[in-house]
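Residue numbers (the numbering used here): 2 to 335. This report refers to the structure that appears directly beneath it.
Shown next, in the form of structure tokens:
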């Protein structure tokens, strides 16, 4: 799928998730974690290929997911679907989208790559892993790497996305991911808007929009894709450089940059960098409204040790082993 790799909502074990934890995230939002992050979107952005269209045989393993489309069109470098439905295996939830498009690959390869991207998007947002997806996603990832190596840029778009798993419901107005050949690296940009979340412990802390720009080794897309939605014996360690990350909700804006090591699983992801939050007082109020007093306390402590700059609060941060440290002070998130 591919394209993005930083940004996620339990996240950024991921970058987004990491960064979010840097100032927002509770240890567990509920049974399901909201991820949009780097890893999540990373795998999401990096993905590549999966199943069926209305008129063609499915390429995706039956145990991994089932995909249907209401319509399909393709030309030389563009593939488009409408009324997409993805149902993950083993109770992994469902994703529906009004439309999806992929540009940058051939009419033959495009449908599978677009389907794989949708499977990765669903997995990144729900945290679901299924061994039945591993080999297939790795193969599609190699195909995406070959496309980038041939100097073709990939661009993925979804609109009208709805993700459900148990009580978790995530709505996304539009998502766009682009991957460009940067030589040995892949340069990615990701944007998400019109986000709504329910079925989590901290709905008021979830961003309504986010953007990210980052780079990752081009040859590591395939193993990261396999780890994001599949189950692999050995987790990859993909080193990502995040040039910019921004998440917004009302008057609250979180921005940052840094580095992350993505593994496809948030609990095994690490990150470090610089973080800034504007209107942290409103963020603290939202945590209190959601009854998340530990998070509110952690944010108050973070504000006390922050540096003030241009109307915001800034920190040098690290996330490793489930511990978030800001300006040298570990925060009591658990």
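Built from N, CA and C at the ideal position, the CB exists for glycine as well.
Of the residues 216, 156 and 120, the one placed nearest residue 139, counting alpha carbons only = For residue 139, the closest alpha carbon among the candidates 216, 156 and 120 is that of 120.
request  = Please classify residue 328: does DSSP put it in a helix, a strand, or coil?
outcome  = In the three-state reduction of the DSSP assignment, residue 328 falls in the coil class.
query = Buried or exposed: which applies to residue 47, given that a residue is buried once 16 or more other Cβ atoms fall within 10 Å of its Cβ?
reply = Low confidence applies to residue 47: its pLDDT is 39, below 50, so where it sits in the model is not reliable enough to give any reading.
ask   = In chain order, what residues of the same chain lie with their CB nearer than 6 Å to the CB of residue 323, ignoring the 5 residues before and after it?
value = Cβ-Cβ distances below 6 Å link residue 323 to nothing in the same chain once the five nearest sequence neighbours on each side are left out.
inquiry  = Could you give the first and the last residue of the continuous alpha helix (DSSP H) run that contains residue 142?
reply    = Note, residue 142: alpha helix (DSSP H), 135 to 150.
query = Quick one: complete alpha helix (DSSP H) runs, 4+ long, within the stretch 251 to 294?
reply = Whole alpha helix (DSSP H) segments, 4+ residues: 281 to 290.
ask   = If you check the beta carbons only, do residue 105 and residue 153 fall under 9 Å apart?
value = Between residue 105 and residue 153, the gap from beta carbon to beta carbon is short of 9 Å.
query = Where residue 141 and residue 125 are concerned, what is the direct C-alpha to C-alpha distance, given to the nearest angstrom?
reply = If I take the Cα positions, the gap works out to 17 Å.
ask   = Among residues of its own chain, excluding the 5 on either side of residue 301, which ones have a beta-carbon nearer than 8 Å to its beta-carbon?
value = Excluding sequence positions up to five before and after residue 301, its CB lies within less than 8 Å of the CB of 285, all in the same chain and listed in chain order.
inquiry  = Please classify residue 201 as buried or exposed, where buried requires at least 16 other C-beta atoms within 10 Å of its C-beta.
reply    = With a threshold of 16 other beta carbon atoms within 10 Å, residue 201 meets it and is buried.
request  = Leaving out five residues on either side along the sequence, give the residues of the same chain with a beta carbon under 6 Å from the beta carbon of residue 91.
outcome  = Result list for residue 91: 131, in chain order.
query = When burial is assigned at 16 or more other CB atoms within 10 Å of the CB, is residue 71 buried or exposed?
reply = Classification of residue 71: exposed, given that the 10 Å Cβ count is below 16.
request  = Hey, could you find the ends of the beta strand (DSSP E) residue 111 is sitting in?
outcome  = Taken as a continuous stretch (DSSP letters only), residue 111 belongs to no beta strand (DSSP E), being part of the alpha helix (DSSP H) at 111 to 127.
Residue 227 to residue 133 span [Cα, whole Å] = One Cα belongs to residue 227, the other to residue 133, and the distance between them is close to 10 Å.
request  = Compare the C-alpha of residue 244 against each of 252, 216, 232 and 221 and name the closest.
outcome  = Nearest C-alpha to residue 244 among 252, 216, 232 and 221: 216.
key: Separation of residue 247 from residue 192, as counted between CA atoms   = Looking at the two C-alpha atoms, the distance is approximately 9 Å.
query = Bridge partners of residue 61, per DSSP?
reply = Under DSSP, residue 61 forms no beta bridge with any residue.
request  = Could you tell me which residues DSSP puts in a beta bridge with residue 158?
outcome  = The partner list for residue 158 (beta bridge, DSSP) reads 102 and 177.
Cβ separation of residue 325 and residue 315, assumed to be a contact under 8 Å, to the nearest whole Å = That pair is no contact at about 15 Å.
task = Kindly confirm or deny that the stretch 169 to 181 and the stretch 250 to 266 touch, where touching means at least three C-beta pairs closer than 8 Å.
result = Cβ pair count under 8 Å is below three, so no.
query = Can you tell which of 278, 320, 331 and 306 has its C-alpha closest to the C-alpha of residue 313?
reply = Ranking 278, 320, 331 and 306 by Cα distance to residue 313 puts 278 first.
Alpha carbon of residue 111 to alpha carbon of residue 309, nearest angstrom = Going by the C-alpha atoms only, they are around 48 Å apart.
message = Measuring straight from C-alpha to C-alpha, what distance separates residue 165 and residue 196?
response = Residue 165 and residue 196: Cα-Cα distance of roughly 14 Å.
Same chain only: Cβ atoms within 7 Å of residue 306, ignoring 5 sequence neighbours per side = Sequence-distant Cβ neighbours of residue 306 in its own chain, meaning closer than 7 Å and more than five residues away, are 327, 328 and 330.
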